[in-house]
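Be aware that the sequence shown starts at 7, since it is given in the working numbering, and climbs by one per residue. Comments concern the structure below.
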Amino acid sequence: MKKNFLILMGIMAVAGLISGCSQAGGNGQPEADYPSAPISVIVPMAAGGPSDLTARSMEKLASKYLGESLVVENKDGASGVLGYNEIVQAEPDGYTLGLAATNMILQPLYGGTEYTYTEEFYPIAQAVSNPVAVAVLIDSPIQTIEDLVKYAEDHPGELKYAYTNVGSLPHVASAMFVKETGVQMEAVPFQGGSDSMTAFLGNNVQVSFTQISELKSHAANNTVRILAVATEERMEDFPDIPTFKESGVDLVCATWFGVVGQKDLPEEIKTKLAEAFKGIINDEEFVKTAEDLGYVVDYLGPDDMAAKWAEEQENYRTTIDESGIGEEMKRQAGN
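This is the structure:
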């Protein structure tokens, strides 16, 4: 009887060891065969938007580079904050990732968030970007950024410019432009991109600050003139359009989308995910899908992505504080 009891205890001890070794993250140790199950990707925005479309484009290629599938989960709410918080609070075992965008930097700068996401997330890979651009209607006498600045200086407060949503990146970019040039123009915010574009095309506002993807088809139809793009170099799709820097305005600004995990992910999992998503983002199928959506494939690895976060956080903080956008966001939140 005693012998049988000892045998039973030995079997239970071995089983416990096996169970403990097979669990990822339980003791801070990753699975040897990670990933061995589907990986959830939380998208903090609604289905059908840019973040969602980027994540689903990756989803199609996941098994090729990860050996497992990605499962996209939309967790919309509070301008992305609900979804971002869920990513932060998830177990750092590599099975819950997030599709982050520029608003993960902006939202904490406006206050009221539980976390500073740049301190909580590990940057796995930046995938695409959507640069900010400024445009006028094709029949406008304004042909260049220099013309725009000169007209605004000669007619202070006469020009109206549109952007979508208070606190959005185009709003921040427009404030950066005004600060750099010192011009006086009347800001007209809209709640939705379609409303903003309708007002612009109807000449209810004379200037539009928006993402290049929103202007692409209108430029192709020769209804709008894009004056400049907020990139370091001219865009391949728009070789004739100068950058703001070329036009004498120090403005580089783009909405980006990328994959993040928790900061405490095991190093082996960080490395494996970074390599896999680099492959996905540079895959011809992903590149074509992204370009068809109007985005620029703009891969950055973990180190470059982290450096970009730090630079943007400082630049945007300065603009938000000096322009009054932060106070405007607080007033809006109180309504």
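Each residue gets a CB set at the ideal place from its N, CA and C atoms; glycine is no exception. Nothing here was measured: the structure is a model prediction, and the numbers come from that model.
Which of helix, strand or coil DSSP assigns to residue 109: helix
Inter-residue spacing [alpha-carbon to alpha-carbon] between residue 226 and residue 288: 27 Å
Burial state of residue 224, where buried means 16 or more other Cβ atoms lie within 10 Å: buried
Three-state class that DSSP yields for residue 192 in the structure shown: strand
Alpha helix (DSSP H) runs wholly inside the segment 49-116, at least 4 long, in chain order: 56-65, 68-72, 87-95, 109-115
Proximity of residue 50 and residue 83 at Cβ, strictly below 9 Å: yes
Opening and closing residue of the alpha helix (DSSP H) in which residue 324 lies: 308-329
The segment 95-109 in contact with the segment 268-278 per 3-pair CB rule at 8 Å: yes
First and last residue of the uninterrupted alpha helix (DSSP H) at residue 351: The structure shown does not extend to residue 351, since the chain is modelled only from 7 through 341, so no value can be given for it.
Per-residue burial, residue 58 [other beta carbons within 10 Å of its own, 16 or more giving buried]: buried
Residue range of the beta strand (DSSP E) that includes residue 267: 260-268
Cβ-based burial, residue 95 [other Cβ within 10 Å; buried from 16]: exposed
Residues that residue 241 bridges to, as DSSP identifies them: 244
Cβ contact (3+ pairs, closer than 8 Å) linking the segment 114-123 and the segment 284-302: No: fewer than three Cβ pairs fall under 8 Å.
Length of the line joining the Cα atoms of residue 186 and residue 296: 32 Å
Residue 330 classed as buried or exposed, judged by whether at least 16 other C-beta atoms fall within 10 angstroms: exposed
Identified DSSP bridge partners for residue 231: 142
Per-residue DSSP class, three states only, for residue 304: strand
As assigned by DSSP and simplified to three states, the class of residue 129: Here DSSP, grouped into helix, strand and coil, assigns residue 129 to strand.
Backbone CA spacing between residue 43 and residue 74 [nearest angstrom]: When only Cα atoms are considered, residue 43 and residue 74 end up about 6 Å apart.
Residues of its chain near residue 326, where Cβ-Cβ distance is below 6 Å and the 5 sequence neighbours each way are ignored: 115, 332
C-alpha gap between residue 33 and residue 237, whole angstroms: With a pLDDT of only 46 at residue 33, under the threshold of 50, the placement of this residue in the model should not be trusted; the figure read from the coordinates follows. Straight-line Cα distance between these residues: approximately 44 Å.
Same chain, Cβ closer than 7 Å to residue 141, five either side skipped, listed in chain order: 214, 221, 230, 231, 232, 233
Distance CB(residue 308)-CB(residue 129) smaller than 9 Å: yes
Whole alpha helix (DSSP H) elements within the segment 163-214, 4-residue minimum: 175-187, 199-207
Rounded straight-line distance, which links the Cα of residue 92 to that of residue 30: In this prediction, residue 30 has a pLDDT of 45, which is less than 50 and means its spatial position is unreliable; what the coordinates show is noted afterwards. Each residue's alpha carbon lies about 19 Å from the other.
Alpha-carbon spacing of residue 205 relative to residue 52, whole angstroms: 25 Å
Residue 211 vs residue 168 beta-carbon contact at 9 Å: yes
Supposed close pair residue 216, residue 150 - CB separation, criterion 8 Å: Actually they do not touch by this definition, with Cβ atoms about 18 Å apart.
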